[in-house]
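Participant: Questions regarding the structure given below will be posed in turn.
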Amino acid sequence: MTRTHPQAGAPSTDGDPAADGGLAAVMAADARLADELVPAAAPEPGVRTTTVVTGATGFFGAALVDALLRAGEGDVLCLVRAPDDEAARARLTGALDRAGYRAGTDRLRAIAADIAEPGLGLTEDRRREIRAGAARVVHAAANVNGSLPYASLRASTVFGTAAVLRLAAEAGAALHHVSTTAAVPVPGAASDAGALPLPGLANGYAQSKWVAERLVDAARQRGLRAWTYRLGALAGHRGTALSNERDFRWIFVRACLELRAAPHIPGDLCWVPVDVAADAVAALARDDLRAADRHTLQIAASTGVRWAEVFSWLRRAGHRLDVVEPALWWDLLRDRLTGTPDLARMAAFAPSLPSGAPRPDDGTWAALAPYGVTEEPFDRHLLLRYVATPATDGQEQDGEEGP
Numbered sequence: 000m001t002r003t004h005p006q007a008g009a010p011s012t013d014g015d016p017a018a019d020g021g022l023a024a025v026m027a028a029d030a031r032l033a034d035e036l037v038p039a040a041a042p043e044p045g046v047r048t049t050t051v052v053t054g055a056t057g058f059f060g061a062a063l064v065d066a067l068l069r070a071g072e073g074d075v076l077c078l079v080r081a082p083d084d085e086a087a088r089a090r091l092t093g094a095l096d097r098a099g100y101r102a103g104t105d106r107l108r109a110i111a112a113d114i115a116e117p118g119l120g121l122t123e124d125r126r127r128e129i130r131a132g133a134a135r136v137v138h139a140a141a142n143v144n145g146s147l148p149y150a151s152l153r154a155s156t157v158f159g160t161a162a163v164l165r166l167a168a169e170a171g172a173a174l175h176h177v178s179t180t181a182a183v184p185v186p187g188a189a190s191d192a193g194a195l196p197l198p199g200l201a202n203g204y205a206q207s208k209w210v211a212e213r214l215v216d217a218a219r220q221r222g223l224r225a226w227t228y229r230l231g232a233l234a235g236h237r238g239t240a241l242s243n244e245r246d247f248r249w250i251f252v253r254a255c256l257e258l259r260a261a262p263h264i265p266g267d268l269c270w271v272p273v274d275v276a277a278d279a280v281a282a283l284a285r286d287d288l289r290a291a292d293r294h295t296l297q298i299a300a301s302t303g304v305r306w307a308e309v310f311s312w313l314r315r316a317g318h319r320l321d322v323v324e325p326a327l328w329w330d331l332l333r334d335r336l337t338g339t340p341d342l343a344r345m346a347a348f349a350p351s352l353p354s355g356a357p358r359p360d361d362g363t364w365a366a367l368a369p370y371g372v373t374e375e376p377f378d379r380h381l382l383l384r385y386v387a388t389p390a391t392d393g394q395e396q397d398g399e400e401g402p
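Residue numbers (numbering that gives the first Met the number 0): 0 to 402.
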């Protein structure tokens with residue numbers, strides 16, 4: 000029997016997913032939008048100007064807030080996990096400062112909320128306040144952790160998305176959902192709930208984002224103005240050169256430099272700088288007049304650099320990198336686990352190594368050109384700037400994680 004989850008109004012089961020028929024049954028139930036979610040009428044253009052943002056303290060979210068503020072249009076209201084508004088503001092300001100973004104503006108506000116709590120942890124007065132000013136909601140909050148099972152991510156990713164959809168529907172606001180290319184099953188896989196768990200959804204993170212996308216699709220079918228942006232792997236910022244210390248590919252590069260060795264691996268490094276991805280989402284979120292038939296857009300690298308070339312760039316810059324077989328590389332890492340935190344982080348991914356290939360452009364980059372947002376080929380100079388710059392903690396970053 001399908002039940003309504005108390006946290007978000009999304010159908011669910013309690014406890015261990017296997018207890019109610021296994022993962023497929025739970026995902027299918029979670030993907031059904033609550034019957035009572037019906038969008039309010041959209042406000043007249045220009046009547047409301049506030050953009051509500053979730054996930055603003057994460058690696059991508061902080062860049063998104065910066066992009067929205069630079070656009071100079073309307074206020075940005077961030078829902079931040081904190082015990083009160085003062086703590087929420089301090090947490091947001093700290094995240095922006097550490098990432099090198101400005102936070103001192105009266106157009107930026109933060110209020111305490113929690114994506115995994117019933118009703119986002121907001122009082123009815125707060126919900127009324129948000130509804131009165133919200134033109135759009137950009138939902139960028141996510142726990143990007145490829146090692147956690149689906150059951151551990153349901154509250155934040157699935158029920159949290161349902162709760163954000165409810166808030167947007169109550170306000171008649173547009174919903175811009177930040178997802179991941181990891182949520183796309185392998186080509187040719189069935190997409191109906193009866194075929195769950197889908198091939199290609201490699202871990203709980205991908206599964207939870209796939210279900211979240213289904214909820215957004217269902218809300219759109221009921222009349223909510225909603226778009227989904229699938230992010231690929233995100234590199235550091237082109238301006239500050241700060242990278243995300245929790246990104247799998249960045250951890251791998253740092254581990255190679257620490258070990259002075261690189262495994263012989265195929266595939267490409269496919270990265271989009273975080274500021275490019277943030278500018279893309281900010282531009283699209285501000286424009287509700289674009290073609291209505293493009294509701295899912297992919298913001299991912301359509302070109303890549305072979306890993307062998309990446310290692311060559313580093314060697315030419317003076318870094319010692321002996322090319323070894325993968326098994327030997329892992330042996331070297333295990334022998335050096337008392338080294339930097341990069342090695343311990345990499346060990347958590349064993350025995351996986353980065354793989355990947357460019358994702359065919361779905362037309363998104365051409366659609367972004369009029370906004371001045373373009374895909375620029377990743378090059379040696381940018382990589383070396385990343386390597387020379389300390390990373391920043393991006394634990395709430397969305398995007399693609401894992402091999």
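Glycine included, each C-beta is placed from N, C-alpha and C at the ideal position.
#1: Please give the ranges of any beta strand (DSSP E) in the segment 96 to 176, keeping only runs that are unbroken, at least 3 residues long and fully inside the region.
#2: Determine, using beta carbons only, whether A299 and L63 come nearer to each other than 9 Å.
#3: Are R221 and V37 touching if we call contact CB-CB under 9 Å?
#4: For L283 versus L331, is the C-beta distance shorter than 9 Å?
#5: Identify the continuous beta strand (DSSP E) that holds Y228 and give its terminal residues.
#6: Roughly how many angstroms separate the alpha carbons of R31 and Q206, rounded to a whole number?
#7: Report yes if the C-beta distance between I264 and P325 is below 9 Å; otherwise report no.
#8: Grab me the residues of S78's own chain with a C-beta within less than 6 Å of its C-beta, minus the 5 sequence neighbours each way, in chain order.
#9: Which value, in whole angstroms, describes the spacing of the CA atoms of T373 and G21?
#10: Cα separation between A66 and V75?
#11: Quick one: what's got a C-beta closer than 6 Å to A192's C-beta in the same chain, skipping five residues either side?
#12: By DSSP, does S242 sit in helix, in strand, or in coil?
#13: Take every Cβ of the segment 236 to 244, pair it with every Cβ of the segment 94 to 101, and state whether three or more of those distances are shorter than 8 Å.
#14: Is there contact between the segment 137 to 154 and the segment 102 to 110, where contact requires at least three CB pairs shorter than 8 Å?
#15: Would A133 and L91 be called neighbours here (beta carbons separated by less than 9 Å)?
#16: Can you tell me whether D267 is helix, strand or coil according to DSSP?
#17: Does R69 come out as helix, strand or coil in the three-state DSSP assignment?
#18: Ends of the alpha helix (DSSP H) at D216?
#19: Spell out the partners DSSP gives D321 in its beta bridges.
#20: Could you compute how far the alpha carbon of L147 sits from the alpha carbon of E43?
#21: If contacts are defined as beta-carbon pairs under 8 Å, then D246 and L233 qualify, I think. What distance do you get, rounded to the angstrom?
#22: Could you check if S354 is buried or exposed, using at least 16 other CB atoms within 10 Å of its CB as the buried criterion?
#23: Going by DSSP, what residue range makes up the beta strand (DSSP E) through R379?
#24: Between the beta-carbon of A349 and the beta-carbon of W329, is there less than 9 Å?
#25: Output the distance between the C-alpha atoms of Q396 and G235, rounded to the nearest integer angstrom.
#26: Does R253 come out as helix, strand or coil in the three-state DSSP assignment?
#27: What does S178 pair with, by DSSP beta-bridge criteria?
#28: Measure from the alpha carbon of L381 to the alpha carbon of each residue in A260, A168, G73, V309, then state which is nearest.
#29: Round the Cβ separation of S301 and P357 to the nearest angstrom and send it over; I've been treating them as touching at under 8 Å.
#30: Between D341 and W306, is the Cβ-Cβ spacing less than 9 Å?
#31: Using only alpha-carbon positions, find the residue among T160, V386, G118, R335 that is nearest to S178.
#32: Going along the chain, which residues of its own chain have a beta-carbon closer than 8 Å to the beta-carbon of T48, five neighbours each way excluded?
#33: When the Cα of L223 is compared with those of V210, E123, A168, which residue comes out closest?
#34: Return the CA-CA distance between F377 and V304, expressed in angstroms with no decimal places.
#35: Kindly indicate the opening and closing residues of the alpha helix (DSSP H) around V309.
#36: Keeping to the same chain, check which residues put their C-beta closer than 8 Å to that of K208; ignore five residues upstream and five downstream.
Facilitator: Let's see:
#1: 107 to 112, 133 to 138
#2: In this structure, L63 does not lie closer than 9 Å to A299 by Cβ.
#3: With a cutoff of 9 Å on beta-carbon distance, R221 and V37 are scored as near each other.
#4: no
#5: 225 to 230
#6: Each residue's Cα considered, the two are about 15 Å apart.
#7: yes
#8: Residue identity check: residue 78 is Leu in the sequence provided, not Ser. Around L78: T53, A112.
#9: The alpha-carbon of T373 is positioned some 43 Å away from that of G21.
#10: 11 Å
#11: Note that A192 has pLDDT 47, beneath the 50 cutoff, so the model's placement of it is unreliable and no number is given.
#12: coil
#13: A contact between stretches requires three or more CB pairs, one per stretch, nearer than 8 Å, and the segment 236 to 244 meets this requirement with the segment 94 to 101.
#14: no
#15: Not a contact, by the Cβ cut-off of 9 Å.
#16: strand
#17: Reduced to three states, the DSSP call for R69 is helix.
#18: 203 to 220
#19: A260
#20: 42 Å
#21: 7 Å
#22: By the neighbour-count rule (16 or more Cβ atoms within 10 Å), S354 is not buried but exposed.
#23: For R379, there is no enclosing beta strand (DSSP E); the enclosing alpha helix (DSSP H) covers residues 379 to 386.
#24: yes
#25: The pLDDT assigned to Q396 is 46, lower than 50, so where the model puts this residue is not dependable, and the model offers no usable value.
#26: R253: helix per DSSP, three-state reduction.
#27: R229
#28: V309
#29: 5 Å
#30: no
#31: T160
#32: Correct list, in chain order: E72, G73, D74, G132, A134.
#33: A168
#34: 7 Å
#35: 306 to 315
#36: A141, T156, S178, T179, A181, A182
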